[in-house]
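Per UniProt numbering, the very first residue in the sequence shown carries number 1; after that it's consecutive.
We put the CB at the ideal spot given by N, CA and C, even for glycine.
Since the structure is predicted, the reported quantities are computational estimates derived from the model, not experimental observations.
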Amino acid sequence: MAAPMSEGSPALEPGAAPYGNFPNYSRFHPPEGRVSLLPGGLLQSLFPAAARPLLGLDVGCNSGELSVALYRHLLGLQESKGCLDQPAAGKDLNLLCCDIDPVLIERAQQCSPFPASMSFANLDIMDSSAREPILRSYLDRFGRSTFDIGFCMSVTMWIHLNHGDSGLMEFLSFLSSLCKYLLIEPQPWKCYRAAARRLRKLGRNDFDHFRSLAINGDMAERITQILMKDCAMELVCCFGSTSWDRSLLLFKSNGSNHEGRESSEQEQ
1 MAAPMSEGSP ALEPGAAPYG NFPNYSRFHP PEGRVSLLPG GLLQSLFPAA
51 ARPLLGLDVG CNSGELSVAL YRHLLGLQES KGCLDQPAAG KDLNLLCCDI
101 DPVLIERAQQ CSPFPASMSF ANLDIMDSSA REPILRSYLD RFGRSTFDIG
151 FCMSVTMWIH LNHGDSGLME FLSFLSSLCK YLLIEPQPWK CYRAAARRLR
201 KLGRNDFDHF RSLAINGDMA ERITQILMKD CAMELVCCFG STSWDRSLLL
251 FKSNGSNHEG RESSEQEQ
């Protein structure tokens, strides 16, 4: 998750990115720390009978380094062969990556080695009037109404801090309704305190909702409970934790909305 940031802005310190729009994020949280936890052949095991291209949504993609690493890993592509843009094991994947920061999105577009199958869009995912036409247009290109898999990597804290408990609930509900599977990496509560502390050190106002959040404590557990109890999802697997103490959790929708949509799409 990121916020607009002008190129000439002096706010390059971590605390000056109140929406998570760190300009060099992958330098201090390398993509390998996440993708190394994911098993090979994950897409094949999740979608063994899928003949159509798989569709993925990456929310809060920053400048795209992690998005590209996920794409390579999920399709079994070696870095030296990335420019060939060839899917592995017959599993084609089209990935829509979005972020609220236009500068980061422009960088991602310029550097992407997979322009034919990875799209980058400047989007505030919490703005329903903005997200609907962008997501609908993308899904319509493939005759689809939902994504096969969604990625939410270290994004939930920024949604939570800037939109409160209700915003976090709405965000998780929206993603669960739109994605059959959801791979999510929640930030632990200590990261909330650190983010608020950085803002204060820079003499900036605290996050509007930080001191009033009732959803707190073990955030991986709290988000798991929200997704399972309120969003009709089930926890498939915890792939472990990164070296910076963030769990990688895979959920699957058990709601009838996805099954109904999928059946109607296959009949078309």
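{"Check": "Run through the DSSP bridge pairs and tell me what C237 is partnered with.", "Outcome": "L250"}
{"Check": "Taking all protein chains shown into account, do 16 or more other C-beta atoms lie within 10 angstroms of the C-beta of N216, making it buried, or fewer, making it exposed?", "Outcome": "exposed"}
{"Check": "Could you name the residues of the same chain whose beta carbon sits closer than 6 Å to that of A108, not counting the 5 residues immediately before and after it, in chain order?", "Outcome": "S63, G64 and F120"}
{"Check": "Helix, strand or coil for D99? Go by DSSP, reduced to three states.", "Outcome": "strand"}
{"Check": "How would you write the range of the beta strand (DSSP E) that S181 sits in, first residue to last?", "Outcome": "This sequence places Tyr at residue 181; Ser is not what is there. Note, Y181: beta strand (DSSP E), C179 to E185."}
{"Check": "Could you give the DSSP three-state label for S154: helix, strand or coil?", "Outcome": "coil"}
{"Check": "Going along the chain, which unbroken runs of the alpha helix (DSSP H) with 4 or more residues stay wholly within the stretch 106 to 160?", "Outcome": "128 to 141"}
{"Check": "Quick one: what's N94 bridged to in DSSP?", "Outcome": "L55"}
{"Check": "Which term fits A195, buried or exposed, when burial requires 16 or more other beta carbons within 10 angstroms of its beta carbon?", "Outcome": "buried"}
{"Check": "Go ahead and label E32 buried or exposed: buried means 16 or more other beta carbons lie within 10 angstroms of its beta carbon, across all protein chains shown.", "Outcome": "exposed"}
{"Check": "Within its chain, find whatever has a CB closer than 7 Å to the CB of I226; leave out the 5 residues flanking it on each side and keep chain order.", "Outcome": "M169 and L172"}
{"Check": "Which residue wins for smallest C-alpha separation from D206, given the options L161, D218 and I184?", "Outcome": "L161"}
{"Check": "Along the alpha helix (DSSP H) that carries G69, what are the first and last residues, could you check?", "Outcome": "Strictly speaking, residue 69 in this sequence is Ala, with Gly absent from that position. Element bounds for A69: E65 to L75."}
{"Check": "Identify whether L213 lies in helix, strand or coil by the three-state DSSP scheme.", "Outcome": "coil"}
{"Check": "Count the C-beta pairs between the stretch 150 to 166 and the stretch 55 to 62 that are closer than 8 Å, then say yes if the count reaches three, no if not.", "Outcome": "yes"}
{"Check": "Which same chain residues end up closer than 7 Å to R131 when comparing Cβ atoms and leaving out the 5 residues on each side of it in sequence?", "Outcome": "L123 and I125"}
{"Check": "Is N21 helix, strand or coil by DSSP?", "Outcome": "coil"}
{"Check": "Counting pairs of beta carbons, one from the stretch 220 to 237 and one from the stretch 177 to 186, are three or more of them closer than 8 Å?", "Outcome": "yes"}
{"Check": "I need the DSSP call for F174, collapsed to helix, strand or coil.", "Outcome": "helix"}
{"Check": "At which residues does the alpha helix (DSSP H) containing S243 begin and terminate?", "Outcome": "It is not in any alpha helix (DSSP H) - S243 carries neither H nor E in the DSSP assignment."}
{"Check": "What span of residues does the alpha helix (DSSP H) with G33 cover, start to end?", "Outcome": "E32 to V35"}
{"Check": "By Cβ distance below 8 Å, which residues in the same chain neighbour S243 in space, the five residues on each side in sequence not counted?", "Outcome": "G33"}
{"Check": "Looking at G56 and L104, is the spacing between their C-beta atoms short of 8 Å?", "Outcome": "no"}
{"Check": "Would you tell me roughly how many angstroms separate the C-alpha atoms of S145 and R136, rounded to the nearest one?", "Outcome": "8 Å"}
{"Check": "So, helix, strand or coil for G82, using DSSP?", "Outcome": "The predicted model places G82 with a pLDDT of 45, which falls under 50 and marks its position as unreliable, so this point remains unresolved."}
{"Check": "Are residue 273 and Y138 close, meaning C-beta to C-beta below 8 Å?", "Outcome": "Missing from the structure shown is residue 273; the chain here goes from 1 to 268 and no further."}
{"Check": "Between which two residues does the alpha helix (DSSP H) containing A195 stretch?", "Outcome": "W189 to K201"}
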